[in-house]
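Enquirer:
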Amino acid sequence: VTRLNTPLPQAVTRAVRLLSDAAIPSMLILLGLELQRVRWTANWRVLALSSALRLLAGPVVGLGVGALLGIEGAAFQAGVISAAMPTAVATTVLATEYDVRPDYVTAAVFVSTVLSPFTLVPLVFFLGR
Numbered sequence: 738v739t740r741l742n743t744p745l746p747q748a749v750t751r752a753v754r755l756l757s758d759a760a761i762p763s764m765l766i767l768l769g770l771e772l773q774r775v776r777w778t779a780n781w782r783v784l785a786l787s788s789a790l791r792l793l794a795g796p797v798v799g800l801g802v803g804a805l806l807g808i809e810g811a812a813f814q815a816g817v818i819s820a821a822m823p824t825a826v827a828t829t830v831l832a833t834e835y836d837v838r839p840d841y842v843t844a845a846v847f848v849s850t851v852l853s854p855f856t857l858v859p860l861v862f863f864l865g866r
């Protein structure tokens with residue numbers, strides 16, 4: 738379609754837009770449904786380790802890779818901040834779809850998201866200096 742310079746029919750464009758608009762709310766609903774299945778007492782050590790790796794080791798790796806590749810300025814800052822983000826909600830969708838410990842993955846998403854302000858705010862301050 739792009740190579741032929743032919744626009745998509747409006748009906749197709751609308752259908753794709755409706756589906757894309759529903760993606761994030763659908764993932765958040767699934768995350769909420771999976772949160773009720775989590776057994777918090779059983780996973781706390783593994784959750785602490787995975788959250789620490791994601792929120793603390795991620796930015797360290799981002800800093801190292803950015804410095805190693807000679808990236809500077811806004812691109813460097815964006816890369817480090819991206820590496821420091823909490824576990825993505827999409828991992829819950831994948832874990833549920835393939836039945837790979839969705840309770841643990843959901844808990845990891847929740848814990849890393851709740852803890853992320855405590856790591857992201859100082860990181861943004863550090864990178865902004």
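Just so we're aligned: the sequence shown equals residues 738 to 866 in the working numbering.
Beta carbons are placed, not taken as given, at the ideal position from N, Cα and C, and that holds for glycine.
When you compare each of T829, L741, L800 to L765 by their alpha carbons, which one comes out closest?
Expert: It is T829.
Enquirer: If distances are taken between C-alpha atoms only, which option among T850, R774, L786, G816 comes closest to V798?
Expert: For the residues T850, R774, L786, G816, the minimum Cα distance to V798 belongs to G816.
Enquirer: Taking C-alpha atoms, which residue in P854, N742, F855, A825 lies nearest to A844?
Expert: Looking at the Cα atoms, A825 is the closest of the given residues.
Enquirer: Looking only at its own chain, which residues have a Cβ that is under 6 Å from the Cβ of P796, when we skip the five neighbours before and after it?
Expert: Contacts found: V817, A820, A821, L860.
Enquirer: Which one of A748, L864, V848 has the shortest CA to CA distance from G803?
Expert: Among A748, L864, V848, the Cα nearest to that of G803 is on L864.
Enquirer: Rounded to whole angstroms, what is the Cα-Cα separation between P762 and A827?
Expert: Roughly 11 Å between the two C-alpha positions.
Enquirer: DSSP on I818, reduced to helix/strand/coil?
Expert: Of the three classes helix, strand and coil, the one that applies to I818 here is helix, per DSSP.
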